[in-house]
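Chains as they are written, first to last, in numbering that gives the first Met the number 0: chain A, 0 to 293; chain B, 0 to 316.
Every residue, glycine too, gets a C-beta built ideally from N, C-alpha and C.
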Amino acid sequence: MSGWEQLSQYIMSGLTTGSIYALAALGFCLIYNATHIVNFAQGDFISLGGLMMYTLLGAAGLPALLALPLAVAVVAGLGVVLEAAAVGRAKSREITVLIFITVAASVLFRGVFKEVWGKQALAVPPLSPDVPLKLLGATFTPQNLWILGITLAAIAVLIYFFNHTLTGRAVRAVAINPKAAALMGIDTRRMVRLSFALAGALGALAGAIITPITTASYNVGVLMGLKGFAAAVLGGYGNFLGAIVGGLSLGLLESLGAGALSSTYKDVIAFVVLLLVLFVRPRGLLGGGEETRV
Amino acid sequence: MNGGRAFLWQLLALAAAVVLAPLLVGNPYHLNVLNVMALNVLVVTGLNLLIGFAGHISLGHAAFYGLGAYVSGILSSTHGWDPWLSSLAAALVVALVALVIGIPTLRLAGNYLVMATLGFNLIVTILILQLDEFTGGPSGFSGIPPLKVLGRSLASDQQFYWLVWGAALLGLLLARNLADSRVGRGLKALHDSPVAAAAVGVPTAAYKVKVFVLSAVYASLAGSLYAHYFGIVTPKTFDIFFSVELVTMCLVGGMGSLWGGFFGAAFLTPLPQVLHVFDEYKDVFFGGILLVLLIYQPQGLAGLWTRHARARAARSA
Numbered sequence: 000m001s002g003w004e005q006l007s008q009y010i011m012s013g014l015t016t017g018s019i020y021a022l023a024a025l026g027f028c029l030i031y032n033a034t035h036i037v038n039f040a041q042g043d044f045i046s047l048g049g050l051m052m053y054t055l056l057g058a059a060g061l062p063a064l065l066a067l068p069l070a071v072a073v074v075a076g077l078g079v080v081l082e083a084a085a086v087g088r089a090k091s092r093e094i095t096v097l098i099f100i101t102v103a104a105s106v107l108f109r110g111v112f113k114e115v116w117g118k119q120a121l122a123v124p125p126l127s128p129d130v131p132l133k134l135l136g137a138t139f140t141p142q143n144l145w146i147l148g149i150t151l152a153a154i155a156v157l158i159y160f161f162n163h164t165l166t167g168r169a170v171r172a173v174a175i176n177p178k179a180a181a182l183m184g185i186d187t188r189r190m191v192r193l194s195f196a197l198a199g200a201l202g203a204l205a206g207a208i209i210t211p212i213t214t215a216s217y218n219v220g221v222l223m224g225l226k227g228f229a230a231a232v233l234g235g236y237g238n239f240l241g242a243i244v245g246g247l248s249l250g251l252l253e254s255l256g257a258g259a260l261s262s263t264y265k266d267v268i269a270f271v272v273l274l275l276v277l278f279v280r281p282r283g284l285l286g287g288g289e290e291t292r293v
Numbered sequence: 000m001n002g003g004r005a006f007l008w009q010l011l012a013l014a015a016a017v018v019l020a021p022l023l024v025g026n027p028y029h030l031n032v033l034n035v036m037a038l039n040v041l042v043v044t045g046l047n048l049l050i051g052f053a054g055h056i057s058l059g060h061a062a063f064y065g066l067g068a069y070v071s072g073i074l075s076s077t078h079g080w081d082p083w084l085s086s087l088a089a090a091l092v093v094a095l096v097a098l099v100i101g102i103p104t105l106r107l108a109g110n111y112l113v114m115a116t117l118g119f120n121l122i123v124t125i126l127i128l129q130l131d132e133f134t135g136g137p138s139g140f141s142g143i144p145p146l147k148v149l150g151r152s153l154a155s156d157q158q159f160y161w162l163v164w165g166a167a168l169l170g171l172l173l174a175r176n177l178a179d180s181r182v183g184r185g186l187k188a189l190h191d192s193p194v195a196a197a198a199v200g201v202p203t204a205a206y207k208v209k210v211f212v213l214s215a216v217y218a219s220l221a222g223s224l225y226a227h228y229f230g231i232v233t234p235k236t237f238d239i240f241f242s243v244e245l246v247t248m249c250l251v252g253g254m255g256s257l258w259g260g261f262f263g264a265a266f267l268t269p270l271p272q273v274l275h276v277f278d279e280y281k282d283v284f285f286g287g288i289l290l291v292l293l294i295y296q297p298q299g300l301a302g303l304w305t306r307h308a309r310a311r312a313a314r315s316a
C-alpha cells in the first residue's frame, strides 16, 4: 500500500467516525442551547439507537427503511421522557443539579439496557450488503457511504428546520432569550422538549449507522458520546457549525494520529484535545459557550 | 457549610461510635466494608469541600484517588520507598496535577472544571491500562507493601480500621476548620455573591484553586491508604464511573454540607454489599436513587436532617 493510499484510507475512516462525533456534538449543542446544561445521557441515546436497530433489523427482521425511522422515534421519545420526567421536573434550577440529573439518568439508562440486552456485543446487519468498494486507494464498505450520506442529510434537514420553519426559528429564539421568546407567545417548554427529542433523534441516528461497524452493546455509545462532547468543546460549545467542524476534525485527528503514531493511544487523543482547548481557548475553534471571568 | 460548636459534638459522637463499632462487628468481612466506607468518607469529604466552597463539581476524583494509589504503590514496591514517604510523594504529584488543571479552568465561570476533570479521568484510565510495563495494565498492580507504624505492619482489617477511621475523623475536623478559616469565609462570600466578594478584595480564583488542590489531596491520600491496605490496585477501581459514584455520594449525602460526605458514603458504601441483589442491578439502583434525590430532594440526606431539626426546634419553641 503506497503512502497516498494509506492517507486516503485514514481520511475515509476519520470522516466516518468524525460524522458520528459530529452527530453527537450536535445533540450536545441542541440541549445546551435550550437549557444551558450538558446532557451526559447523549452517549446512551447512541447506544439505544444501535440496540433498537439490532432488535428491529436483526431480531424482528423489519426492512431498514422501517427500522431506522422507528429506532429514531423511540430514542427521540426517550429524550422527551428525560426532559418531562426528570430535567423539567426538578425542584432546583441550579445548573449543576440539572447536569447531574442527566448523569444519573445516564447511569440508570445503562443499567436498564444491560438488563434488557445483556452485556455481550450484538451484531447489527448493515443497511445494504457488504461489498468492498475502492476510491482513490481507500477500501471501504457501503456502510461508510451510508454514514457520510445520512450525516449530511441530517445536517441539511437541521439547517432547513432552523432557518426556514416557524418551529425551528422558535427553538432558536428560545436559545437566544427564553424570556423574550415567551413574551412573543412561544411555548418555551415545548421548544425545550423538542430540543431533547431532536438530540435523541440525532443520537439514535449515530448509533443506528455506526453499530453495523462497531457492533451494538449496552454501553457502546458511552465513549462515542464523550468524544462527541470533546468535539463540541473543540468546535465551540453550543455552536452548530462548530459541532460539525469539531466532530469531523476530531475524527480525522484521531485516525491520522493513530496511523502516524500508534493505535494504542488512539482513545487518549480526543481527551487531550479537550483539555488543551479548555486550557488555551475555552471558546473553541468557532466560538461558543460563555467565557465569563469572575 | 458551617461548622459551629454543634459540629464538634457530632464529631465526638462519631468518634465514640468508631471506637465502639469493632466491639459489635466481629466479622472481618464487615470490618472490611467499614474500612472501605472510611476511605470513601475521606474522598467524598474532600470532594464536598470543593462543591460546598468553590461551587464546582469534579468528575476526576476517581483519577486523583487512582493516582494516589498507583504512584504510592509503584514507588513503594518497584522502587522500595517507605510507604509513608511514597504516599506523601503521591499527594505531591496529585497536588501539582490539580494545580495544572485548576489554574486555567477555575478562573472561568461555567462548567469547565467538570469538563476538564472528566477528560482528565478518561486519560488517566487509558494511561493506566496502556502503560502496563509500569502499571500492570488491565490485570492490575500487586505486591504493594502495607504501611508500618512503630515497626509493625498494619496489614489486618482490625489494625487498618483504626488508621483509616482516624484519617477520616481528621479529614472531617480539618474540613470544619477550613470552613472557619479566612479562605473558608472568603469562599462563602464568593458562593453568596461572586461580584461582591471580588469587590471587597477576596482573591476568589486563587481560593478556588487552593480548595480544589486540597480536595484532590484528600482523594490522593485515601487512594494511597487503599493501595497499602489491599496490596493490589486495578484500573477499573478508578474509572470515570467511580467518579460518578463519588459525586453520587456527595449529592445523596448533601451537596456542600460538612456531614454530607459522611452520610453519603456511609449510606451508599455498604448497600451493594449488604443487599446482594443490588450488585447485579447496581447501575439501575445508583442511577435511580440519584435521579429521584436530585429531582425531589436536591439538598440530600443532610438536608432532610436539618429540616427535621428545624421542624423540631420550631415545635418546641
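Cβ separation of residue i and residue j, assumed to be a contact under 8 Å, to the nearest whole Å
{"i": "tyrosine 264 of chain A", "j": "glutamine 157 of chain B", "result": "Contact doesn't hold; Cβ gap of about 43 Å is too wide."}
{"i": "cysteine 249 of chain B", "j": "isoleucine 50 of chain B", "result": "6 Å"}
{"i": "leucine 10 of chain B", "j": "leucine 168 of chain B", "result": "7 Å"}
{"i": "leucine 22 of chain A", "j": "alanine 153 of chain A", "result": "7 Å"}
Residue i in three-state terms, based on DSSP
{"i": "lysine 265 of chain A", "result": "helix"}
{"i": "lysine 281 of chain B", "result": "helix"}
{"i": "lysine 147 of chain B", "result": "strand"}
{"i": "serine 152 of chain B", "result": "strand"}
{"i": "valine 123 of chain A", "result": "coil"}
{"i": "phenylalanine 240 of chain B", "result": "helix"}
{"i": "lysine 133 of chain A", "result": "strand"}
{"i": "valine 37 of chain A", "result": "coil"}
{"i": "valine 212 of chain B", "result": "helix"}
{"i": "threonine 291 of chain A", "result": "At threonine 291 of chain A the pLDDT is 41, less than 50, meaning the model places this residue with poor confidence and gives no usable figure here."}
{"i": "threonine 44 of chain B", "result": "helix"}
{"i": "isoleucine 231 of chain B", "result": "strand"}
{"i": "threonine 214 of chain A", "result": "coil"}
{"i": "threonine 337 of chain B", "result": "For residue 337 of chain B there is no data in the structure shown, the boundaries of chain B being 0 and 316."}
{"i": "serine 194 of chain A", "result": "helix"}
Residue environment, residue i, which counts as buried when at least 16 other CB atoms sit within 10 Å
{"i": "glutamate 114 of chain A", "result": "exposed"}
{"i": "histidine 163 of chain A", "result": "exposed"}
{"i": "aspartate 282 of chain B", "result": "buried"}
{"i": "valine 208 of chain B", "result": "buried"}
{"i": "tryptophan 116 of chain A", "result": "buried"}
{"i": "glutamine 298 of chain B", "result": "buried"}
{"i": "tyrosine 295 of chain B", "result": "exposed"}
{"i": "alanine 37 of chain B", "result": "buried"}
{"i": "tyrosine 28 of chain B", "result": "exposed"}
{"i": "serine 12 of chain A", "result": "buried"}
{"i": "leucine 224 of chain B", "result": "buried"}
{"i": "histidine 78 of chain B", "result": "exposed"}
{"i": "isoleucine 175 of chain A", "result": "exposed"}
Cβ-based neighbour list, residue i, same chain, cut-off 8 Å, excluding 5 preceding and 5 following
{"i": "glutamate 290 of chain A", "result": "In this prediction, glutamate 290 of chain A has a pLDDT of 42, which is less than 50 and means its spatial position is unreliable; nothing more can be read from the coordinates."}
{"i": "glycine 87 of chain A", "result": "Arg188, Val191, Arg192"}
6 Å CB neighbourhood of residue i in its chain, flanking five on each side removed
{"i": "proline 141 of chain A", "result": "Ser127"}
{"i": "proline 125 of chain A", "result": "Gln142, Pro211"}
{"i": "valine 92 of chain B", "result": "Val70"}
{"i": "glycine 146 of chain B", "result": "First, the residue type needs correcting, since residue 146 of chain B is leucine and not glycine in the sequence shown. Contacts found: Pro82, Leu153, His227."}
{"i": "threonine 104 of chain B", "result": "Tyr111, Leu112, Ala115"}
is_contact[residue i, chain B] using C-beta, thresh 8 Å
{"i": "phenylalanine 270 of chain A", "result": "yes"}
{"i": "serine 91 of chain A", "result": "yes"}
{"i": "glycine 110 of chain A", "result": "yes"}
{"i": "arginine 188 of chain A", "result": "no"}
{"i": "aspartate 43 of chain A", "result": "no"}
{"i": "tyrosine 264 of chain A", "result": "yes"}
{"i": "isoleucine 146 of chain A", "result": "no"}
{"i": "leucine 285 of chain A", "result": "no"}
{"i": "alanine 230 of chain A", "result": "no"}
8 Å Cβ cutoff, residue i in contact with chain A
{"i": "leucine 125 of chain B", "result": "A quick correction: the sequence has isoleucine, not leucine, at residue 125 of chain B. Judged by the 8 Å Cβ criterion, isoleucine 125 of chain B is in contact with chain A."}
{"i": "glycine 59 of chain B", "result": "no"}
{"i": "isoleucine 56 of chain B", "result": "yes"}
{"i": "glycine 286 of chain B", "result": "yes"}
{"i": "glutamine 129 of chain B", "result": "yes"}
{"i": "alanine 174 of chain B", "result": "no"}
{"i": "leucine 290 of chain B", "result": "yes"}
{"i": "threonine 104 of chain B", "result": "yes"}
Cut-off 7 Å between Cβ atoms - residues of its own chain near residue i, not counting five sequence neighbours on either side
{"i": "arginine 292 of chain A", "result": "Below a pLDDT of 50, predicted positions are generally treated as unreliable, and arginine 292 of chain A, at 40, falls in that range; the measurement from the model is reported next regardless. Once the five neighbours on either side are set aside, arginine 292 of chain A has no close Cβ partner at all."}
{"i": "isoleucine 30 of chain A", "result": "Ile36, Asn38, Ser194, Phe195, Ala198"}
{"i": "leucine 245 of chain B", "result": "Val42, Val43, Leu46, His60, Ala61"}
{"i": "valine 35 of chain B", "result": "Thr268"}
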